[in-house]
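Residue numbers (full-length UniProt numbering), protein chains in the order written: chain A, 1 to 215; chain B, 1 to 215. We put the beta carbon where it would ideally sit given N, CA and C, even for glycine. All values derive from a computational prediction rather than experimental measurement. To start, the structure under review is shown below, and the notes come after it.
There are 2 protein chains.
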Amino acid sequence: MSLDLRVYLVLDPAHTGGRSPLEVAEAALRGGVTVVQLRWKVGPLREMLRWGAALRELCRRYRVPLLINDRADVALALEADGVHVGQEDLPPEVARRLLGPRALIGVSARTPEQAQAAEAAGADYLGTGSVFPTGSKEGARLIGLEGLRTVARATRLPVVAIGGVNAENAAACIQAGAAGVAVISAITQAPDPEAAARALRRAVDEALAARRLEG
Amino acid sequence: MSLDLRVYLVLDPAHTGGRSPLEVAEAALRGGVTVVQLRWKVGPLREMLRWGAALRELCRRYRVPLLINDRADVALALEADGVHVGQEDLPPEVARRLLGPRALIGVSARTPEQAQAAEAAGADYLGTGSVFPTGSKEGARLIGLEGLRTVARATRLPVVAIGGVNAENAAACIQAGAAGVAVISAITQAPDPEAAARALRRAVDEALAARRLEG
Ligand code: NI
């Protein structure tokens, strides 16, 4: 599956502002989200599996890859397209061994060293941040646009910017070298998730077009 | 690998009374533990992987199977012998599909219905309890020796008794139909883990011998 990172939705079904996570996901997909990552931090795994199976079908209908945060066994069980792992999670080379050559494997990388290690380990893309301050991820260290640019220059892998990204600052991420932007609450807590996704998609598409013209 | 459930150690490296988890594990193995399950509830996964790799080697030296609580991907990464899953964890049929026909798969089952479902799903053994009151697992519902007996009679799978088991009450578990006993703190918090394991092993062996004579 080819990798379109333009608008990358991180979805925690426990945090969709009291709305049905599947309805929020479908609204986001209608709005133009290009990747969905399922993240699940607390609660029974079987609930995630039931919920993930429905999300799996939904993403297939929209031809958008579904990635699972951290757990390669859940990715296998759900026939998801891959996993996203942090620096303290399952190592990407282990994820690759478990999931095979066609799986999509993303790694959180905040420094050039982490980016190069992930690239050597066979990652398909990097998640880099926090670019801007954010309430979603307490204690996430801020790297700023300059940190994003430094990572993007250090690797041949596509980089998705994460952390406090919204429709207003998405273009700056693309200008700093990102292939796309990852958001959590900017979509899942938005009054209108479809409109929020659409605004992000438009901002990213315009910035990518501008970058191509400049390039 | 054949399955000897006589003394089943559940090891949480975060709870070994301030001692090195590997030293506690080796003492327990010297004392006669026949299965080790690695349980890890909090903290970075990579720490569990580093730690689990050392435990993997230790268990191999003692020819004792190593099982991983819940995570089939960690079992694959560590080349462990299998997994133990609860009723809300990865379903046993999914674990079987991921780990293959030779893996050992245990399921927590407190009722005959759960036991029969686990058997149908391809489990190799059941963990049944809490047989006695315990401080290790808050909120674990008590089923007593009668509940243990009911489950053991409802299945052809070997059953390991868990929850408040010690060298004094282990024989009663075997008499109720258990193939062995699982302990956490009775070994890991004991002043002398090797002696604690040895006392449990002796109690279980004597009770199994008595049961064979009676049978
Ligand atoms: Ni703990």
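Checklist entry - With a Cβ-Cβ cutoff of 7 Å, do Val160/B and Tyr62/B count as a contact? => result Locating residue 160/B in the second sequence gives position 160, counting from the first residue. Locating residue 62/B in the second sequence gives position 62, counting from the first residue. No, they are not a contact pair.
Next on the checklist: Taking a contact to mean a Cβ-Cβ separation below 7 Å, would you say Leu11/B touches Val36/B in this structure?
Outcome noted: Position 11 of the second sequence holds residue 11/B. Position 36 of the second sequence holds residue 36/B. Contact: yes.
Next on the checklist: Just checking: is the beta-carbon of Val94/A within a distance shorter than 7 Å of some beta-carbon in chain B?
Outcome noted: Here residue 94/A is taken as the residue at index 94 of the first sequence, counted from 1. Yes, its Cβ sits closer than 7 Å to a Cβ of chain B.
Checklist entry - Whose Cβ in chain E lies nearer than 9 Å to the Cβ of Asp89/A? => result Among the protein chains in the structure shown, which are A and B, there is no chain E.
Checklist entry - Where do the N-terminal and C-terminal ends of the alpha helix (DSSP H) with Gly144/A fall, by residue? => result Numbered from its first residue, the first sequence carries residue 144/A at position 144. Taken as a continuous stretch (DSSP letters only), the alpha helix (DSSP H) holding Gly144/A covers 144 to 154.
Checklist entry - Secondary structure at Thr34/B, three-state DSSP: helix, strand or coil? => result The count along the second sequence starts at 1 and reaches residue 34/B at position 34. Here Thr34/B sits in coil by DSSP.
Next on the checklist: Taking a contact to mean a Cβ-Cβ separation below 7 Å, would you say Ser130/A touches Ala120/A in this structure?
Outcome noted: Reading the first sequence from its first residue, position 130 is the one you call residue 130/A. Reading the first sequence from its first residue, position 120 is the one you call residue 120/A. No, the Cβ-Cβ distance between Ser130/A and Ala120/A is not below 7 Å.
Checklist entry - Can the beta-carbon of Ile68/A be found less than 7 Å from the beta-carbon of Ala77/A? => result Locating residue 68/A in the first sequence gives position 68, counting from the first residue. Locating residue 77/A in the first sequence gives position 77, counting from the first residue. For Ile68/A and Ala77/A, no; Cβs fall outside 7 Å.
Next on the checklist: Could you compute how far the alpha carbon of Pro44/A sits from the alpha carbon of Asp89/B?
Outcome noted: Residue mapping note: residue 44/A aligns to position 44 of the first sequence, counting from 1. Residue mapping note: residue 89/B aligns to position 89 of the second sequence, counting from 1. In a straight line, the C-alpha of Pro44/A is about 7 Å away from that of Asp89/B.
Checklist entry - Which two residues bound the contiguous beta strand (DSSP E) that contains Ala182/A? => result Position 182 of the first sequence, counted from the first residue, corresponds to residue 182/A. Element bounds for Ala182/A: 180 to 183.
Item to check | Proximal residues of chain B, C-beta to C-beta of Leu76/A below 7 Å | outcome: To locate residue 76/A, count along the first sequence from 1; it is residue 76. Leu98, listed in chain order.
Checklist entry - chain B partners of Arg71/A, CB-CB under 8 Å? => result Taking the first residue of the first sequence as position 1, residue 71/A is located at position 71. Simply Arg71, Asp73.
Next on the checklist: Could you tell me the alpha carbon to alpha carbon distance between Glu113/B and Arg156/A, rounded to whole angstroms?
Outcome noted: Taking the first residue of the second sequence as position 1, residue 113/B is located at position 113. Taking the first residue of the first sequence as position 1, residue 156/A is located at position 156. Between Glu113/B and Arg156/A, the C-alpha separation is close to 54 Å.
Checklist entry - Excluding five sequence neighbours on each side, which residues of the same chain lie with their C-beta closer than 6 Å to the C-beta of Pro158/B? => result Against the second sequence, residue 158/B aligns to sequence position 158. Excluding positions up to five away in sequence, the list reads Leu5, Tyr125, Ala179.
Checklist entry - When DSSP labels each residue in this structure, what does Leu3/B get in the three-state scheme? => result Residue numbering aside, residue 3/B sits at position 3 when the second sequence is read from its first letter. In this structure, Leu3/B counts as coil in the three-state DSSP scheme.
Checklist entry - Looking at the structure shown, is Val160/B part of a helix, part of a strand, or coil, going by DSSP? => result Within the second sequence, the letter at position 160 stands for residue 160/B. Three-state result, Val160/B: strand.
Next on the checklist: Within 10 Å of its beta-carbon, does Asp192/A have 16 or more other beta-carbons around it, so buried, or fewer, so exposed?
Outcome noted: Taking the first sequence and counting its residues from 1, the one referred to as residue 192/A is at position 192. Its Cβ having fewer than 16 others within 10 Å, Asp192/A is exposed.
Item to check | Cβ shell of Val64/A (< 7 Å), same chain only, five flanking positions each side left out | outcome: Mapped onto the first sequence, residue 64/A falls at position 64. If we look at Val64/A and ignore the five residues flanking it on each side, its Cβ neighbours are Leu29, Val33, Thr34, Val35, Val36.
Item to check | Element boundaries [beta strand (DSSP E), containing Val94/A] | outcome: In the first sequence, the residue the question calls residue 94/A occupies position 94. Element bounds for Val94/A: not the beta strand (DSSP E) but the alpha helix (DSSP H), 92 to 99.
Checklist entry - Leaving out the 5 sequence neighbours to the left and right, which residues in its chain are closer than 7 Å to Arg211/B when beta-carbon positions are compared? => result If you number the second sequence from 1, residue 211/B lands on position 211. Hits under 7 Å: Ile174, Gln175.
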